[in-house]
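Each remark here refers to the structure printed beneath this line.
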Amino acid sequence: MTAPYNFSAGPAMLPRAVLERAQEELRSWRGSGISVMEISHRDPAFVQMALKAEQDLRDLMTIPDHYQVLFMHGGGRGQFSAVPQNIAGANDTVDYLNSGVWSEFAIREAQKFVSKVNVVGGAVNTEQGRAIAAAEDWQLSADAAYFHYCPNETVDGVALHEIPAQVTAPVVADMSSNILSEPLNVERYALIYAGAQKNIGPSGFAIAIVRDDLLGRAQGTTSTIMDYTVQAKDKSMYNTPNTWAWYLSGLVFEWLKEQGGVAVMGQVNARKAQLLYNYIDSSDFYSNPVHPDYRSKMNVPFLLADPQRDDDFLKAAEQQGLLGLKGHRFVGGMRASIYNAMPIEGVIALVDFMREFEQKHT
Ligand code: PMP
């Protein structure tokens with residue numbers, strides 16, 4: 001594959017093969033003469049496609065039968081409010097790790113639905129860069145209804161690679177920016193959720209993988225479309241689902257299977273991240289602000305030693321077909337998001353460009 005390469009954090013690059021297939025099928029899905037967007041979600045062909053998408057996701061992530069796979073509305077933030085309403089009582093205590101921007105938003109949302117939101121600890125600055133406080137120092141509650149964290153902070157580029165053994169409450173993870181990026185032991189989690197627009201499909205859509213014992217606990221005021229128990233009972237079709245997003249996500253799951261699944265993705269993603277970090281670390285012109293033990297393999301923020309060159313950098317990158325590199329508005333600088341759909345050639349092209357830009361300006 002050649003440029004353009006899209007490094008946007010989300011909505012993000014989709015596999016080209018998936019877009020080509022969607023284009024081919026757009027006006028006549030499975031020879032029907034109409035688009036998949038124009039048929040009923042109750043149509044047997046659609047239901048079959050929807051079930052296959054679920055099964056493919058189950059296969060890819062090795063999701064055991066005692067977990068429900070739900071296709072939800074409202075993206076990642078929708079789940080920020082769905083989680084506390086569904087699996088905690090209004091007077092319960094819940095634990096949250098605050099490792100960055102998205103954790104913080106999740107905490108603020110939880111505070112609306114649960115009276116005791118305990119922040120156990122969070123991001124710290126060290127001499128080697130931004131990190132997460134050691135688990136020994138976390139203030140975990142003895143009676144938390146759940147422990148919530150974001151394993152991959154999309155804006156900060158900070159990742160927590162392991163769940164510390166100290167965490168004994170049911171674990172809830174916001175995997176919006178790292179789902180399907182490497183093998184995972186689903187059974188270590190009570191609930192995994194992800195907004196779709198990075199490693200799965202279109203925005204506004206979300207996946208929730210919910211262990212059966214968490215069902216039936218929703219607060220009485222929970223809106224019905226956000227109620228996991230209702231959505232589980234109705235196979236995520238309580239109301240009209242986002243049929244286009246479901247279809248496209250299904251194509252991405254098929255593509256992932258063809259690539260060899262998450263084991264292969266994990267190896268490729270590790271190589272991509274290593275290429276980029278190695279180059280950044282070898283240069284005085286660029287830097288990454290994150291401690292090496294906490295670096296994200298999906299979102300690589302980097303700064304130019306002279307921020308006055310940022311605009312020139314972005315403009316020149318765009319001219320080479322390297323798109324979406326501007327850092328999040330909260331933190332500035334640059335950010336390369338290198339999700340599953342980004343081929344290694346894209347990362348090589350980025351590193352080559354960064355080297356040339358450095359040579360030209362030193
Ligand atoms: N969590 C994480 C980790 C994210 O990166 C994002 C979006 N960038 C969200 C939640 C929010 O997702 P949405 O915009 O779909 O609500």
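Residue numbering for the sequence shown follows UniProt numbering, starting at 1 and increasing by one per position.
Idealized CB from N, CA, C, for every residue including glycine.
Is there a Cβ of chain C sitting closer than 8 Å to that of residue i, yes or no?
i, result
"LEU191", "The question asks about chain C, but that chain is absent: this structure has only one protein chain."
To the nearest angstrom, how far is the alpha carbon of residue i from that of residue j?
i, j, result
"THR240", "SER287", "46 Å"
"ARG16", "ALA22", "10 Å"
"ALA145", "MET61", "25 Å"
"VAL351", "LYS272", "10 Å"
"SER223", "ALA90", "15 Å"
"ASP312", "ARG30", "47 Å"
"GLY220", "LEU322", "49 Å"
"GLU358", "GLN267", "29 Å"
"ARG42", "TRP244", "14 Å"
"GLU38", "HIS328", "36 Å"
"ALA270", "TYR294", "14 Å"
"TYR228", "THR168", "23 Å"
"GLU127", "ASN98", "20 Å"
"ALA3", "GLN320", "8 Å"
"HIS148", "GLU187", "15 Å"
"GLN231", "LEU70", "7 Å"
"PHE285", "PRO64", "47 Å"
"SER177", "PRO307", "27 Å"
"LEU191", "SER40", "30 Å"
"ASN248", "VAL262", "It is Leu, not Asn, that sits at residue 248 in the sequence shown. If I take the Cα positions, the gap works out to 18 Å."
"GLN48", "SER203", "23 Å"
"residue 364", "VAL300", "Nothing about residue 364 can be read from this structure; the chain reaches only from 1 to 362."
"GLU318", "LEU325", "9 Å"
Three-state secondary structure (DSSP) at residue i?
i, result
"SER337", "strand"
"ALA135", "helix"
"PRO11", "coil"
"ASP227", "coil"
"GLY346", "helix"
"VAL119", "strand"
"ARG355", "helix"
"GLU153", "strand"
"PHE105", "helix"
"PRO301", "strand"
"LEU251", "helix"
"ALA190", "coil"
"ILE158", "Note that residue 158 corresponds to Val in the displayed sequence, not to Ile. In this structure, VAL158 counts as strand in the three-state DSSP scheme."
"THR362", "coil"
"ASP174", "strand"
"ASN125", "strand"
"ARG27", "coil"
"LYS326", "strand"
"SER81", "helix"
"GLN68", "strand"
With distances taken Cα to Cα, identify the nearest neighbour of residue i among the options.
i, options, result
"LEU180", "ASP212, ARG355, ASN199 and GLN259", "ASN199"
"ILE132", "GLU162, ASP92 and GLN111", "GLU162"
"LEU140", "ALA190, ARG130 and PRO164", "PRO164"
"GLY157", "PHE302, VAL252 and THR93", "PHE302"
"LYS257", "ARG27, LEU304 and ASP59", "ASP59"
"ALA196", "LEU214, GLY76 and ASN125", "GLY76"
"HIS73", "PRO289, MET49, ASN242 and LEU19", "ASN242"
"VAL171", "ASN278, TYR238 and PRO151", "PRO151"
"THR93", "GLY216, VAL114, ALA123 and LEU248", "VAL114"
"ARG217", "GLN48, ILE63, SER32 and VAL83", "VAL83"
"TYR238", "MET226, ASP212 and TRP246", "MET226"
"SER337", "THR154, LYS315 and TRP138", "THR154"
"ARG130", "GLY122, ASN340 and MET298", "GLY122"
"PHE7", "ALA349, LYS360, GLY33 and GLY250", "ALA349"
"HIS361", "SER283, TYR339, SER203 and ASP234", "SER283"
"ASP213", "ALA194, SER203 and TYR189", "TYR189"
"residue 425", "VAL300, GLY332, GLN111 and ALA88", "Because the chain in this structure spans residues 1 to 362, residue 425 falls outside the shown range and cannot be described."
"LEU19", "GLY260, TRP255 and ASN125", "TRP255"
"ILE87", "LEU51, PHE105, ALA208 and VAL290", "ALA208"
"SER236", "GLN274, MET334 and ALA50", "ALA50"
"VAL124", "ALA110, GLY100 and ASN118", "GLY100"
Exposed or buried, what is residue i when buried is set at 16 or more other beta-carbons lying within 10 Å of its beta-carbon?
i, result
"HIS66", "exposed"
"ALA134", "exposed"
"GLY10", "buried"
"ARG27", "exposed"
"ILE107", "buried"
"GLN85", "buried"
"LYS297", "buried"
"ALA142", "exposed"
"LEU14", "buried"
"PHE330", "exposed"
"VAL120", "buried"
"LEU57", "buried"
"ASN340", "buried"
"GLU182", "buried"
Does any heavy atom of the ligand NAD sit closer than 7 Å to the C-beta of residue i?
i, result
"GLY10", "Absence of the ligand NAD from the depicted structure is noted, with the ligand PMP being the only ligands included."
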